[in-house]
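Residue numbers (the numbering used here), protein chains in the order written: chain R, 3 to 497; chain V, -15 to 371.
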Amino acid sequence: MPQIIIGTREHMGPLTIQLLTDRGRAVPAPALLSSARHEIKVRVPEGDYVVIGTRPNGQTLTLEARVDRNGGRAFFSAEDASPNEFMRDATVLGLVPKLSEGVEHFPDWSPSRFQLSTRTGVSGDASRALAALVSAPSAGTAISFTSGDFSPGALQSDAPSQIPDPKASFVWKSLAKYDLHAPEAQRFWIREWVYDGSRWRDHLDDRTSVHVGDGYVRVKWPTDVEPYFGPQPRAIGLVSEAGFGPIVHVPQFRSAMDIVFLADGVTSVIGADRVTNPSLLKVPVALAMPEDPALADMLSVLGAAGAPGAEALVTQQTHQQLDIAFSALNDKQADPAAAALGAHYLLRFAPKRIPVQWLRNLTRWAPLYADGPILLAQRLILAGGSDDIAASPQEIRDLLRNALQRPVFLFARSRSLLAQATRIYGPRRRTRKLVTAVPRKPSPAEFLDVAAGAGGLDAYWGTGPGRLGNTPRWPRADIRERLASVELRNGIFSH
Amino acid sequence: MTRVFEQDAPDGGVRILILGVGSYPNAKVARPTVPVLDDLSSATQSALDLLDRLLGPWRGRFDKPIRSIDMLANAPGSPDGLEVPDENGDPLEVEAPTIAAIVEAKKRWLKDAGPKDMLIFYACGHGFWVPSLVGRTLAASDFGEDPDNPWTAVVALDDFQLALGERAPRSQWLFFDCCANTPSEALKATSPRPNALLVTMAGERQVMIELHGPLEQVRFATSTIGAQAYGKDGRASRFMETLLEACDGSAYLIDHEDEWWIDSQTLGRSILSFGKRIAPTEEEDYFTFPQVSETDAETIPRFMRRATPSDCILLARSVPAYRLSEAHLAVTCPPDPTPLGEQPAGGDTPFRQVVAAWDHYEVTATFPEGSQTRPKRAQPPLTEVVF
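This is how it looks when you write it as structure tokens:
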């Protein structure tokens, strides 16, 4: 019997595969292609076939293939136009929905070009989040709110219709209000911070490169950053003159990493009230592009609404003949960030496969990261304990308390898991008895209220790592140290 | 009374719980802790339409027989419950979905539920997202009855979903058809304690997996966080209209062993494309809304089946849009030159034609300056042709 070869371009990212005859009949076939396994072979009778590939962002790709006695081939490639040239890599990877042919451009009131993908019916991260923001509410029943609490800001007056959401107004009061149509340019600064063991401090790393394009600012960290044992957690922000903007925590993988801030996302600050669900629906302010395709695969699938066959990624062979997620977990001493990502992936799709002891080690070896104890607590919640660690509510609560005390979160999913777990298991926030000069540390869930999308990395709107919103809490320091400054005018960045 | 249908299903059956909260008699006046909640005729209509389908054309389409349907609903002008038709068309009184009634209905819904059962949960009514604290919620019909603590009459949907995954039934479909925005009264509440209906137990999820197999839980939420769900007076909710259309006919896209199945992905594709495929032009925006679905299932979960496949809508449009109105349009299925459908110049745009799925078609647009033909394979539910 001949065979059909179904393949993807390398670095195209994960693709859930359905193989159908030309009349729609399902043919059993392996479910998942990825950067590690970008070709599968299935023996089928001669005839015409349809191959449907679904990407983690929900985008559906369809190919037709004819199989004759010599076989057949269906090859997925992301050759369609990306929303912007600089997003090409992210589009290929599946992090950004592609533009469909013939799509119409929106009227000028659209605050973001990401909405284009909504109109074409592609349910990607950006499209889903922004569709909720900008869709005009049609006639229908709705909650009535008491007046006085809802005071539209400058942004909303330019919106095509009132968005009747007082929560948004609450958040807007604590955020800067960008005037999207101001004739003058707005200046932003790129700031980098490192955690020195006791606090976040401004940091300038000569090895970090910054490239400014029309609609983006790309920040790249090289591969030869300091060994991660004894790590210095890093964060980066694109902040306005008031010191406010999106803040992204950057996992220090051993391989290189790009963070690309998006002008469309930065100006869509009305999206700052996005909070999480397993699909991480937030307005994207930045794209996160790990150089290692295996890490990129895991990051994109982790953010998917659903990924049938995702567990297969765990067992697929890399070119080094190692399982992807397990290899990352094996390197937890040398690359704790990759280990945490691998653990997140396994936790979602195969929790029983993570040894409890590995997560205890991760918790110990990366003491600044909250991800370790959160993952361990979740492992116990979902899959129970092991011989040496019980899965009692008290044990879980102690782990969550430990996590709350740690200053750094690598991934957005960690915060959402912590918020959910503390809601069920505690510890409960106690009422403050004293008024102190030190501001209250925000809860993990409060970070979610002003969360931003950065490809699954921990990101939010604020004035620095751990500083949410634009509410003055600490004396605002002058911005003395910064990597670069850029000007934003009409959605275009420039030096 | 909540049970509107039941029958024996010794080898497992489908257990359905429908909540249609159409009236909030205790939330008509704004108070410091209680927002005003308008009545929702669309919530009532959604519940009634769903029941009608389940007792009618959908009845034999699940993999298992329908074992039970429990329903709670009220309506504007009928806050204490309403009459619904049973399987014979006779009137049956169902209670209003107060929190107490929801708890009792939940007990009946899950009583003796085993791993071979399939659970379907549908809730339509006012919902809140409570930031920082709770998550998605559904307001029961007695919300506001106790203004000192209105949150006792609220269901914590996210926690409910989590705990449901620790119950024996391995196939679970949840539809949260409610808003997820936040009135200021919810923002200011310092410690709301809604009712999750079920309690979670550490490690129990894995115990169930080891005993009964992997969990296939699918959730559809009809609004993203911070956004509202919508419905029009006298009609079902926006989401329910698309769900009904999908399960009536447009989402049966995959043939497994001579039966055409709706699964979580085809259901999503059908809902996503409704605006373009079906909706009148003036409602296309209304029906373009984010699809918020999630599942961690290992394989693509299947929902319903039937013997015949869905048709496909062939949609022709142009860039710019007005240009298509200048063309005469014709759809043919080669080699037969006879048009299956055609439209003279000046007709509606975009142009839609129902065709059999998977066949090859040609769409010809004859403009004043000449003709253009686009060959296309009709991949269901929607295939677009752009001129």
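Even glycine gets a Cβ: it sits at the ideal position worked out from N, Cα and C.
Put residue i into one of helix, strand or coil per three-state DSSP.
i         : result
Pro446/R  : helix
Lys100/V  : coil
Gly464/R  : strand
Asp208/R  : coil
Tyr371/R  : strand
His213/R  : strand
Gly15/R   : coil
Pro353/R  : helix
Tyr214/V  : coil
Ala265/R  : helix
Gln188/R  : strand
Asn58/V   : strand
Asp33/V   : helix
Tyr8/V    : coil
Thr487/R  : Reading off the sequence, residue 487/R comes out as Ser, not Thr. It is a strand residue.
Arg403/R  : helix
Arg193/R  : strand
Ala89/V   : helix
Gly(-3)/V : coil
Looking at the strands, I want to know which residues DSSP matches up with residue i.
i        : result
Gln5/R   : Arg45/R
Phe46/V  : Phe46/V is not bridged to any residue.
Lys95/V  : Answer by DSSP bridge pairing: none, since Lys95/V is not bridged.
Ser221/V : Gly215/V
Pro374/V : Nothing about residue 374/V can be read from this structure; chain V reaches only from -15 to 371.
Gln201/V : Gln156/V
Gly354/V : Phe351/V
His251/R : Ala237/R
Between residue i and the rest of its own chain, which residues show a CB-CB distance below 6 angstroms, the 5 nearest in sequence each way excluded?
i        : result
Arg177/V : Trp135
Pro235/R : Tyr197, Leu370, Val410
Gly9/R   : His40, Glu41, Phe77
Lys360/V : Tyr345, Thr367, Val369
Ser79/R  : Arg11
Ser254/V : Ala230, Ser234, Ala235, Pro365
Any beta carbon of chain R sitting closer than 7 angstroms to that of residue i?
i        : result
Gly187/V : yes
Gln156/V : no
Ile387/V : There is no way to answer for residue 387/V, as the model of chain V reaches only from -15 to 371.
Pro178/V : no
Trp42/V  : no
Pro293/V : yes
Trp93/V  : no
Trp342/V : yes
Thr136/V : no
Gln327/V : no
Thr184/V : yes
Gln363/V : yes
Gln356/V : no
Gln190/V : yes
Does any C-beta atom of chain V lie closer than 7 angstroms to the C-beta of residue i?
i        : result
Arg27/R  : yes
Leu21/R  : no
Ala385/R : yes
Ile238/R : no
Lys354/R : yes
Thr64/R  : yes
Asp24/R  : yes
Ile426/R : yes
If I measure Cβ to Cβ from residue i and keep anything under 7 angstroms in the same chain, skipping five residues before and after, which residues do I get?
i         : result
Asp(-5)/V : Lys100
Leu94/V   : Arg151
Lys216/V  : Ser26
CB-CB under 8 angstroms to residue i, same chain, minus the five flanking residues each way: which ones, in chain order?
i        : result
Leu308/V : Ala300, Arg301, Ser302, Thr333, Pro334, Phe335, Ala349, Phe371
Val268/R : Phe190, Leu240, Gly247, Pro248, Val287, Leu490
Is the beta carbon of residue i within less than 6 angstroms of some heavy atom of the ligand NAD?
i        : result
Ala235/V : As far as ligands go, the structure on display features none, and thus does not contain the ligand NAD.
Which residues in chain B have a C-beta closer than 9 angstroms to the C-beta of residue i? List them in chain order.
i       : result
Val52/R : The question asks about chain B, but that chain is absent: this structure's protein chains are R and V.
Runs of alpha helix (DSSP H) wholly within the segment 32 to 65 of chain R (minimum 4 residues, chain order) | none
Can you list, in chain order, the stretches of the beta strand (DSSP E) that have 3 or more residues and sit fully within the segment 241 to 329 of chain V?
-> 243 to 247, 276 to 279, 286 to 290, 296 to 301, 312 to 317, 320 to 327
What are the start and end residues of each continuous alpha helix (DSSP H) run of 4 or more residues lying completely inside the segment 105 to 186 of chain V, in chain order?
-> If we require 4 residues or more, the alpha helix (DSSP H) runs fully inside the segment 105 to 186 of chain V come out as 141 to 148, 168 to 172.
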